[in-house]
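Numbering of the sequence shown is given in full-length UniProt numbering, commencing with residue 1 and proceeding in unit increments.
Written below as structure tokens is the structure these notes are about.
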Amino acid sequence: MIQSTSPDQGTSLAAAARGNLDAMGLVFKALSSPQRLRILILLRDGPRTEPELCAALDLGTIEAHLQTLLRAGLIVRHKHGVAPKNYTLAEGVTAQLTELLEKFRA
């Protein structure tokens, strides 16, 4: 059985754009860390487990970063029985992230 969990479902870039200042604060906090931006970029390529993300980022732990991204609604955690949890980008975040990265690439 597959379960999707996110502590604050409904919080996203779209919610922030609608004027929800609390949601906007969570999103901007999440985007303020280069490590969290790297996590989002990695997840753009597909689901990853916490150990896979740690290895790719050469970090010992990323739990606090993942919790911040979950609270902001930017990622979703999927639990598949006893298998490690997978993390993916929340719906709609891929296009918004790509657009944001392109703006700063110039």
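Glycine included, C-beta positions come from ideal geometry on N, C-alpha and C.
- [ ] Can you say whether Arg105 is buried or exposed, counting buried as having 16 or more other CB atoms within 10 angstroms of its CB?
- [x] exposed
Task: Closest Cα partner of Arg44 within the set Val76, Ala83, Ala23 - done: Val76
Task: Any beta strand (DSSP E) of 3 or more consecutive residues that is wholly inside the UniProt domain "HTH arsR-type" (26-102) - done: 75-80, 86-89
Task: Buried or exposed by the 16-neighbour rule on C-beta atoms within 10 Å, applied to His65 - done: buried
Task: Length of the line joining the Cα atoms of Phe28 and Pro84 - done: 28 Å
TODO: Look at the alpha carbon of Leu101 and the alpha carbon of Leu89, and state the distance between them as a whole number of angstroms.
DONE: 15 Å
Open item on the list: One question on the structure: do Ile62 and Leu53 come within less than 8 Å of each other, judged by their Cβ atoms?
Closed with: yes
Task: Length of the line joining the Cα atoms of Thr68 and Leu31 - done: 9 Å
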